[in-house]
Amino acid sequence: MTSLDKPTATDHDSAGPDGARAAEAQDAKAVTEAALFEAFGGLRGMVETVLPGLLFVTIFTINKDLHVSAIAALAVSLLLVAVRLIRRDTVKHAFSGVFGVAFGVVFAMMTGNAKDFYLPGMIYTLGLALAYIVTTLAGVPLIGLILGPIFKENLSWRTRNPGRKKAYAKASWAWGLILLAKCAILFPLYWWADTTQLGWVLVALKIPPFLLAVYLTWVFLAKAPPPIDVFAEMDAQEKAEKERKAAAAAAAAQRDA
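Just so you know, we're using the numbering used here here: the sequence shown kicks off at 3 and counts up by one.
As structure tokens, this is what we get:
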């Protein structure tokens with residue numbers, strides 16, 4: 003083992019075929035974990051998702067002031083984006099949070115009903131659940147469209163990697179059904195519960211369903227065949243084409259000589 007406790011090529015060879023397969027499986031799991039972290043933002047992304055809603059319901063529970071609660075939630079969302087910009091980090095997760103909070107603030111201000119702060123996000127969750135299910139039924143599971151570019155496989159899994167397509171379908175079904183179950187809890191509460199009850203339940207349901215869906219995605223993909231790196235294939239084809247042209251030019255030069 004190296005100082006980083008990672009198997010070297012020699013270790014793989016000396017361990018035999020079983021050791022090599024185990025190492026490949028471990029590498030595949032590590033790549034899958036990294037891709038999921040990049041796609042869904044990791045721990046920081048979860049904090050950025052939860053914090054604005056948590057701040058809104060906390061302040062509203064204390065003073066029942068819609069305007070103060072909404073402004074505080076929007077302000078912390080903008081602050082999270084500013085921090086990412088200052089640190090030159092990716093801002094896609096923080097920006098999505100800002101847009102979600104902004105829609106909630108505008109909607110609640112227009113209706114005067116504090117519960118409507120949560121309604122756009124609930125509708126988005128329902129739409130996303132349906133998108134996962136519909137795209138899977140159509141043979142183009144949404145999770146594959148999201149993760150394909152991150153794995154550098156693009157859409158190669160659709161026609162060239164059936165085992166991976168099956169894993170993406172399972173993962174998309176998991177996401178769709180988990181989000182539908184979440185909606186089945188939240189929408190009745192929107193009608194029957196008060197703002198604070200709805201808010202605290204919604205905050206409580208932010209992370210656990212998300213973690214369950216990510217975990218199931220990791221399980222399905224870790225057992226799937228490895229992705230086909232289409233970018234590496236294109237680079238290899240381009241290199242081969244350049245070598246072919248160079249060889250043809252050299253041959254032509256020899257004939258002319």
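Glycine residues also receive a C-beta, built at the ideal position from the N, C-alpha and C atoms.
Cβ pair residue i, residue j closer than 8 Å
i      : j      : result
Tyr120 : Leu200 : yes
Phe153 : Pro227 : no
Leu87  : Ala74  : no
Phe217 : Gly178 : Note that residue 217 is Tyr in the sequence shown, not Phe. Not a contact, by the Cβ cut-off of 8 Å.
Leu214 : Thr34  : no
Val59  : Trp202 : yes
Glu50  : Gly123 : no
Glu155 : Val221 : no
Lys262 : Pro211 : Residue 262 lies beyond the range of the chain shown here (3 to 259); nothing can be said about it.
Ala171 : Thr138 : yes
Ala169 : Lys225 : yes
Phe109 : Asp118 : yes
Leu38  : Thr127 : no
Val107 : Ala77  : no
Ile209 : Ala173 : no
Thr63  : Thr161 : no
Lys167 : Trp159 : yes
Ala116 : Leu68  : yes
Residue range of the alpha helix (DSSP H) that includes residue i
i      : result
Lys167 : Pro164 to Trp194
Gly129 : Leu121 to Leu139
Gly201 : Thr197 to Ala206
Simplified DSSP assignment, three categories, for residue i
i      : result
Glu155 : coil
Gly47  : helix
Pro226 : Before going further, note that residue 226 is Ala rather than Pro in the sequence given. Three-state DSSP puts Ala226 in coil, outside helix and strand.
Pro143 : coil
Asp237 : helix
Gly150 : coil
Lys66  : coil
Asp118 : helix
Ser16  : Any reading at Ser16 needs caution, since the residue's pLDDT is 49, under 50, leaving its predicted position unreliable; the model's value is listed next. Of the three classes helix, strand and coil, the one that applies to Ser16 here is helix, per DSSP.
**Report entry** Length-filtered (4 minimum) alpha helix (DSSP H) runs lying within the stretch 73-115
**Finding:** Within the stretch 73-115, the complete alpha helix (DSSP H) runs of at least 4 residues are 94-113.
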